[in-house]
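Okay, so here's the structure we're looking at.
Chains as they are written, first to last, in the numbering used here: chain U, 25 to 96; chain W, 1039 to 1662.
What follows is the structure in structure tokens.
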């Protein structure tokens, strides 16, 4: 399953790169991309793990850039 | 809102900062005034630095800025401390303005999403979200409205502006039974349309999805920079620590404070922001610019690869030629040309062969069926028919030979590109028609431009016969033509050609996306033409040309080259300035002021440079 989320208040390009890097380290994550320009994140994971991966992804984002708000 | 607040803080802090400098106070009071300016402008940075350290994020730009400025305060260099923070914030604010603005101008460019659809229900029009419209529903599009879903016109005629999708400024005429494509704007008349596709499957949704996701396929240059950024910051910070402590211990008669001050300048330069922001911005701009010209590029990687194209392979029919057959020549031995065409049209009246269709189209008048009798189709040869009591033969030279038409010499001389249809009346040779696929108007010009853009080899692959293929290739000036290829042969030829390019060079294939999907996929860059309305083309290709003009290929190549040039300029410029300032800083020549420029100034210049990638007007003009 592949899903996109809006990242509100993603202010720095370097943070976006760091975030993408950290997201891709999550176990079960097939591929994660963070687009600073579109202020968007796309994550891809197997259907059965998706919920867990998403929860982990939110934690990672909170850690890298606490000001970012993730929206569906 | 946030930006306004930020601006207020900067102005207020700058004001206090100016007073502090002019005030030439001493001691605690001086410290307090500078500190006030510092807190106003930089409290959030310090707060974030502390918070991020607690979360285990070190080497983060907030932390580095805090360390550098607090360090400056500790050394008694209050003005430097405030200035670094102030300029840093000005740079950040500018960045967010610039990125916001280009983001808006690019998304504005792609603003083709329809807001609503007028659905006809029980004789009334209801405004609904396009996503709620089902296949088979009837919608009405009024003048000035955007077509919300793909469908065909059941009532009305109008002209339609397709420029948002194709870059084409001439409106398209739409009549009953024509298909309309979502995203275009209806200009003049009411159109009643039967919906053929759900919104999610509609052209507009597909294009939007594609453009939005294009930045996720990253170019090599982008990957290089993100990788570089990961090592750059720690390396500079470690260098700063060593600079602070090693020289004072090794060199006699020097103080820690000099070296710590130099180390702090290092920290100011340690953020790779300029690069990390300007490179994706350039590619994003380039892709946005290309879509403005009616070319969709599916990823930064493809935009990057296009600039290095060495070999370009073309499909013939529908790509270089129009793909429609037309009577291009009438050669009469007896009678008038019009009579010959009339006889041929009558003879071909019952055939559905594309050649028959093109002859009837060229004739263009209604046909009197009573004149025709005893139609006999001779497979693989042509037609034998009685017209006005005379026996007429219409077909290839095999038919002529078989039926023993006299005057063999004259019909064998005919040697033209295309299909030749001979006509004989009562066993006497009457002449022939040439039916050929026409080369598109802009092809020759395109080939010339591609050569000047540095392409080394231009090749054509076609399933058509040797004679026709070679003639077309010669006419438009290609290097090579491989003819009589079956689809599988095309892939094989493609493999051969892939061997011929240099290791850095790329091979691009240009096709219409209809039955060349395997070749499109095998090429480094698959370019599909005539993407508007063709799902196959949009899906199979890496680059989609919305119109069927080959002249868009040089346009997108120029955009690609320009974007890459901007990217290179930014990498060289940003890294160059940073390294120079690092060295000068280590030697004590560059002060913190220079370091702030190397950080913020360079970012600003790099961003301004990157925004140039979006400007593509002159790229398009070259063609027009």
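Even for Gly, the Cβ is constructed at its ideal location relative to N, Cα and C. Just so it is clear, the structure is predicted and the values come from calculations on it, not from any experiment.
(message) Suppose you measure from the CA of residue 1197 of chain W to the CA of residue 1139 of chain W; what does that come to, to the nearest Å?
(response) Along the second chain, one-based indexing puts residue 1197 of chain W at 159. Along the second chain, one-based indexing puts residue 1139 of chain W at 101. Approximately 33 Å, taken between the alpha carbons.
(request) Could you work out which residue in W:1352, W:1431, W:1628 is closest to residue 1467 of chain W when comparing CA atoms only? (result) Residue mapping note: residue 1467 of chain W aligns to position 429 of the second chain, counting from 1. Looking at the Cα atoms, W:1431 is the closest of the given residues.
(message) Assuming residue 1072 of chain W is part of the alpha helix (DSSP H), what are its boundary residues?
(response) Residue mapping note: residue 1072 of chain W aligns to position 34 of the second chain, counting from 1. Segment 1065-1092, the alpha helix (DSSP H) holding residue 1072 of chain W.
(request) Taking only the alpha-carbon atoms, compute the straight-line gap between residue 1111 of chain W and residue 1580 of chain W and give it to the nearest angstrom. (result) Stepping through the second chain from its first residue, residue 1111 of chain W is reached at position 73. Stepping through the second chain from its first residue, residue 1580 of chain W is reached at position 542. Each residue's Cα considered, the two are about 54 Å apart.
(request) For residue 88 of chain U, decide whether its Cβ has a neighbour in chain W, counting only Cβ atoms nearer than 8 Å. (result) Residue numbering aside, residue 88 of chain U sits at position 64 when the first chain is read from its first letter. Taking Cβ atoms only, chain W reaches closer than 8 Å to residue 88 of chain U, which makes this a yes.
(message) According to DSSP, residue 1421 of chain W sits in a beta bridge with which residue or residues?
(response) As a first step, residue 1421 of chain W is located in the second chain; it is residue number 383 there, counting from the start. Looking at the DSSP assignment, residue 1421 of chain W forms a beta bridge with W:1415, W:1432.
(message) Tell me the rounded alpha-carbon separation between residue 1141 of chain W and residue 1242 of chain W.
(response) Within the second chain, the letter at position 103 stands for residue 1141 of chain W. Within the second chain, the letter at position 204 stands for residue 1242 of chain W. Distance between the alpha carbons of residue 1141 of chain W and residue 1242 of chain W is about 20 Å.
(message) Taking 6 Å as the limit between beta carbons, can you name the residues of its chain near residue 58 of chain U, skipping five residues before and five after?
(response) Numbered from its first residue, the first chain carries residue 58 of chain U at position 34. Here the set comprises 40, 43, 44, 65.
(message) Taking only three categories from DSSP, how would you classify residue 63 of chain U?
(response) For this step, residue 63 of chain U is matched to residue 39 along the first chain. Coil at residue 63 of chain U, not helix or strand.
(message) Does the CB of residue 48 of chain U have a neighbour CB from chain W at under 8 Å?
(response) If you number the first chain from 1, residue 48 of chain U lands on position 24. No, residue 48 of chain U lies away from the interface with chain W (no Cβ there is under 8 Å from its Cβ).
(message) So, under 8 Å CB-CB, residue 1332 of chain W and residue 1479 of chain W are touching, yes? Tell me the CB distance rounded to an integer number of Å.
(response) In the second chain, the residue the question calls residue 1332 of chain W occupies position 294. In the second chain, the residue the question calls residue 1479 of chain W occupies position 441. Wrong, their Cβ atoms sit about 17 Å apart, outside the cutoff.
(request) Report buried or exposed for residue 1273 of chain W, applying the criterion of at least 16 other Cβ atoms within 10 angstroms of its Cβ. (result) Working through the second chain from its first residue, we reach residue 1273 of chain W at position 235. Residue 1273 of chain W should be labelled exposed.
(request) Taking only the alpha-carbon atoms, compute the straight-line gap between residue 1374 of chain W and residue 1437 of chain W and give it to the nearest angstrom. (result) As a first step, residue 1374 of chain W must be located in the second chain, where it is residue number 336. As a first step, residue 1437 of chain W must be located in the second chain, where it is residue number 399. If I take the Cα positions, the gap works out to 23 Å.
(request) Tell me residue 1190 of chain W's beta-bridge partners as DSSP assigns them. (result) Your numbering for residue 1190 of chain W matches position 152 in the second chain. Looking at the DSSP assignment, residue 1190 of chain W forms a beta bridge with W:1217, W:1232.
(request) Go through its chain and collect everything with a Cβ distance to residue 1576 of chain W's Cβ below 6 Å, but skip five positions before and after it. (result) Counting from 1 along the second chain, the entry for residue 1576 of chain W is found at position 538. 1244, 1569, 1582.
(request) Note down, one range per segment and in chain order, each beta strand (DSSP E) of at least 3 residues found wholly within the segment 1557-1629 of chain W. (result) 1563-1567, 1581-1583
(request) In the DSSP assignment, find the unbroken alpha helix (DSSP H) run with residue 1461 of chain W in it and report its ends. (result) Position 423 of the second chain, counted from the start, is the residue given in the question as residue 1461 of chain W. Counting along the chain, residue 1461 of chain W falls outside any alpha helix (DSSP H), though it belongs to the beta strand (DSSP E) covering 1457-1463.
(message) Please confirm whether residue 1661 of chain W has its beta-carbon closer than 8 Å to some beta-carbon of chain U.
(response) Here residue 1661 of chain W is taken as the residue at index 623 of the second chain, counted from 1. With a pLDDT of only 43 at residue 1661 of chain W, under 50, the local geometry of the prediction cannot be trusted, and no value is derived from it.
(message) Report the CB separation of residue 1303 of chain W from residue 1628 of chain W in whole angstroms; it is logged as a contact under 8 Å.
(response) Residue 1303 of chain W sits at position 265 when you count from the first residue of the second chain. Residue 1628 of chain W sits at position 590 when you count from the first residue of the second chain. The Cβ separation is near 6 Å, so the contact holds.
(message) So residue 1525 of chain W and residue 1553 of chain W are supposed to be a Cβ contact under 8 Å. How far apart are they, rounded?
(response) Counting from 1 along the second chain, the entry for residue 1525 of chain W is found at position 487. Counting from 1 along the second chain, the entry for residue 1553 of chain W is found at position 515. About 7 Å; that satisfies the 8 Å criterion.
(request) Counting only the same chain and skipping the five closest in sequence on each side, list residues whose C-beta sits under 6 Å from that of residue 1223 of chain W. (result) In the second chain, the residue the question calls residue 1223 of chain W occupies position 185. 1184, 1199, listed in sequence order.
(message) Taking 8 Å as the threshold (beta carbon to beta carbon), is residue 25 of chain U in contact with chain W?
(response) On the first chain, position 1 is the one that residue 25 of chain U refers to. No, no contact with chain W.
(request) Give a yes or no on whether 8 Å exceeds the smallest Cβ distance from residue 1352 of chain W to chain U. (result) Translated into the one-based positions of the second chain, residue 1352 of chain W becomes position 314. Taking Cβ atoms only, chain U never reaches closer than 8 Å to residue 1352 of chain W, which makes this a no.
(request) Using a Cβ-Cβ cut-off of less than 9 Å, list which residues of the segment 35-46 of chain U approach chain W; keep chain order. (result) 35, 36, 37, 38, 39, 40, 41, 42, 44, 45
(request) Would you check if there are 3 or more beta carbon pairs closer than 8 Å linking the segment 1540-1551 of chain W to the segment 1348-1367 of chain W? (result) yes
(request) Thinking residue 1080 of chain W and residue 1123 of chain W are a contact (beta carbons under 8 Å), I'd like their distance in whole angstroms, please. (result) Stepping through the second chain from its first residue, residue 1080 of chain W is reached at position 42. Stepping through the second chain from its first residue, residue 1123 of chain W is reached at position 85. Residue 1080 of chain W to residue 1123 of chain W, Cβ: 4 Å. Contact.
(message) So if DSSP puts residue 93 of chain U in a beta bridge, which residue, or which two residues, is it bridged to?
(response) As a first step, residue 93 of chain U must be located in the first chain, where it is residue number 69. Bridge partners of residue 93 of chain U: U:32.
(message) Would you say residue 1310 of chain W lies against chain U (beta-carbon separation less than 8 Å)?
(response) Residue numbering aside, residue 1310 of chain W sits at position 272 when the second chain is read from its first letter. By this cut-off, residue 1310 of chain W is an interface position.
(request) Express the C-alpha separation of residue 77 of chain U and residue 69 of chain U in angstroms, rounding to a whole number. (result) Taking the first residue of the first chain as position 1, residue 69 of chain U is located at position 45. Taking the first residue of the first chain as position 1, residue 77 of chain U is located at position 53. Each residue's alpha carbon lies about 7 Å from the other.
(request) Please classify residue 82 of chain U: does DSSP put it in a helix, a strand, or coil? (result) Looking up residue 82 of chain U in the first chain gives position 58. In this structure, residue 82 of chain U counts as helix in the three-state DSSP scheme.
(request) Kindly indicate the opening and closing residues of the alpha helix (DSSP H) around residue 1196 of chain W. (result) Within the second chain, residue 1196 of chain W is the residue found at index 158, counting from 1. Here residue 1196 of chain W belongs to no alpha helix (DSSP H); instead the beta strand (DSSP E) covers 1196-1199.
(request) Have a look at residue 79 of chain U and residue 1253 of chain W and give me their C-alpha separation to the nearest angstrom. (result) Locating residue 79 of chain U in the first chain gives position 55, counting from the first residue. Locating residue 1253 of chain W in the second chain gives position 215, counting from the first residue. Near 24 Å, if we compare the C-alpha coordinates of residue 1253 of chain W and residue 79 of chain U.
(request) List the residues of chain W whose Cβ lies closer than 7 Å to the Cβ of residue 61 of chain U, in chain order. (result) Taking the first residue of the first chain as position 1, residue 61 of chain U is located at position 37. Ordered by position in chain W, the residues that pass the 7 Å Cβ test against residue 61 of chain U are 1141, 1253, 1318, 1319, 1322.
(request) Quick one: grab the DSSP three-state call for residue 1172 of chain W. (result) Start at 1 with the first residue of the second chain, and residue 1172 of chain W comes out as number 134. Coil.
(message) Judging by CA-CA distance, which residue of U:94, U:88, U:55, U:83 is the nearest neighbour of residue 1097 of chain W?
(response) If you number the second chain from 1, residue 1097 of chain W lands on position 59. Comparing Cα positions, the closest option is U:88.
(request) From the DSSP output, read off the bridge partner residues of residue 1487 of chain W. (result) Translated into the one-based positions of the second chain, residue 1487 of chain W becomes position 449. BP columns for residue 1487 of chain W are empty, so no partner.
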